[in-house]
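In UniProt numbering, the protein residues as written are 1 to 252. Beta carbons: idealized from backbone N, C-alpha and C, even for Gly. Written out below as structure tokens is the structure these notes cover.
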């Protein structure tokens, strides 16, 4: 099998690489399927190749790059799956106050300005009001986490797809050394970018979870105060501080 024949066979996969209707989690799986297919074919071609050693070396580098893509996308997929969003979920962001009244009580005097304010337990203040404020903080952070996931699936993942498609087209244009080196360099940069995007998004998800965990811990303190009276003498050292988390999340 000649180099030209291999490139022709590879070129047939370019149109199949571009998804038509896939979005979100389905698009991630589509990209993985395409990478796995192309990597398998490239490996098979290399095994049958009778051409110059230079081509075999180039093809081996390309297979290695495809594996880097695959590993980076697996990382993205794992981060998305950890959020628990089903494939059929509509990828539509929600309002910041979505389900706040339904979850925390319609009587709550809610405003965006009051959301995410630093919670400091006051045993002399109204317990129900403090519970409501914590509830608002939790619900609002859940909405922010959800919207961040939607943004990642609808904007970042398609950008990844476009980058991979562009690189694949360049890589299959010809087998000139300059083309191959340029595509390989761009491929490595893109694979690193994919991994960095996934890590950044996963870190934000963990920050949201940490904030929610803090609020839930504070909710338990308030609930105990409602049942047993002022717990500050015994629990003040255990009271979770939220200021650092609030700053880290840039909550406004």
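- In this structure, the straight-line span from the alpha carbon of residue 68 to that of residue 193 is close to 11 angstroms.
- In the three-state reduction of the DSSP assignment, residue 222 falls in the helix class.
- Ranked by how close their Cα comes to the Cα of residue 187, the residues 28, 168, 203, 103 have 168 in first place.
- Its chain contains 132, 135 as the residues whose beta carbon lies nearer than 8 angstroms to that of residue 105, once the 5 sequence neighbours on both sides are disregarded; these appear in chain order.
- Nearest neighbour of residue 25 by Cα position, chosen from 62, 84, 226, turns out to be 84.
- Less than 9 angstroms divides the Cβ of residue 160 from the Cβ of residue 190.
- Assigned with DSSP and collapsed to three states, residue 126 falls in coil, not helix or strand.
- Going by DSSP, residue 101 is part of the alpha helix (DSSP H) stretching over 100 to 104.
- Residue 151 and residue 64 have their alpha carbons spaced roughly 30 angstroms apart.
- Pairing residue 183 with residue 121, the inter-Cα distance amounts to about 58 angstroms.
- When 196, 164, 204, 123 are compared, the shortest CA-CA separation from residue 228 is found for 123.
- Annotation for residue 156: 197, 201 place their beta carbon closer than 8 angstroms to its own, counting only its chain and skipping 5 residues before and after.
- Excluding sequence positions up to five before and after residue 185, its CB lies less than 8 angstroms from no other CB in the same chain.
- Apart from the 5 residues on each side of it in sequence, residue 163 sits with its Cβ closer than 6 angstroms to the Cβ of 190 in its chain, given in chain order.
- Leaving aside the five residues that flank residue 61 on each side, the residues in its chain whose CB is nearer than 7 angstroms to its CB run, in chain order, 184.
- By the 16-neighbour rule on beta-carbons within 10 angstroms, residue 92 is exposed.
- The three-state reading of DSSP puts residue 94 in coil, since its state is none of H, G, I, E or B.
- In the displayed model, residue 84 falls within coil according to three-state DSSP, outside both helix and strand.
- Residue 43 and residue 34 have their C-alpha atoms some 14 angstroms from each other.
- Around the beta carbon of residue 221, 16 or more other beta carbons lie within 10 angstroms, which makes this residue buried.
- Under the three-state reduction of DSSP output, residue 121 falls in the coil class, being neither helix nor strand.
- Rounded to whole angstroms, the gap between the alpha carbons of residue 209 and residue 81 is 15 angstroms.
- Residues of the same chain with a CB within less than 6 angstroms of the CB of residue 145, apart from the 5 flanking positions on each side, are 208 in chain order.
- Take the alpha-carbon of residue 90 and the one of residue 148: they are about 14 angstroms apart.
- Between residue 39 and residue 73 a beta carbon distance of about 12 angstroms is seen, past the 8 angstroms cut, so the two are scored as non-contacting.
- The beta carbon of residue 195 sits closer than 7 angstroms to those of 72, 75, all from its chain and outside the five residues before and after it, given in chain order.
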